[in-house]
Amino acid sequence: MAAQGATLQNYNNELVKCVDDLKEKREEVNKAILKDVRPHNQPRGTAVEGKRGRGCWGREWHPPTCTR
Numbered sequence: 328m329a330a331q332g333a334t335l336q337n338y339n340n341e342l343v344k345c346v347d348d349l350k351e352k353r354e355e356v357n358k359a360i361l362k363d364v365r366p367h368n369q370p371r372g373t374a375v376e377g378k379r380g381r382g383c384w385g386r387e388w389h390p391p392t393c394t395r
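Throughout the sequence shown, residue numbering follows the working numbering, covering 328 to 395 in sequence.
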């Protein structure tokens with residue numbers, strides 16, 4: 328019975344370690360996503376607007392999936 332308890336404890340320890348590793352990786356991915364997304368949220372300069380152009384009614388450019 329003690330051997331079974333030790334085996335379960337080992338599995339539990341491994342699971343806890345795996346969950347902690349996944350949390351760290353998730354944080355790294357979230358940081359990378361935020362780092363990549365932030366430049367797109369900053370105000371656009373005239374050079375960027377010139378490349379993308381403006382949509383109908385003088386509004387900013389929207390991707391083709393937009394229903395405007």
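We treat Cβ as the ideally placed atom computed from N, Cα and C, and that holds for glycine.
Use the C-beta contact count for residue i: other C-beta atoms within 10 angstroms, 16 or more gives buried, fewer gives exposed.
i	result
K362	exposed
T373	Unreliable positioning characterises T373 in this predicted model, as indicated by a pLDDT of 49, which lies under 50. A coordinate reading is not provided.
Do you know offhand how far residue i's Cα is from residue j's?
i	j	result
A329	V343	21 Å
Q336	V346	15 Å
Excluding sequence positions up to five away, which residues of its chain have a Cβ less than 7 Å from the Cβ of residue i?
i	result
E355	none
For residue i, collect the residues of the same chain with a Cβ closer than 8 Å to its Cβ; drop the 5 residues on either side in sequence, then sort them by chain order.
i	result
Q331	none
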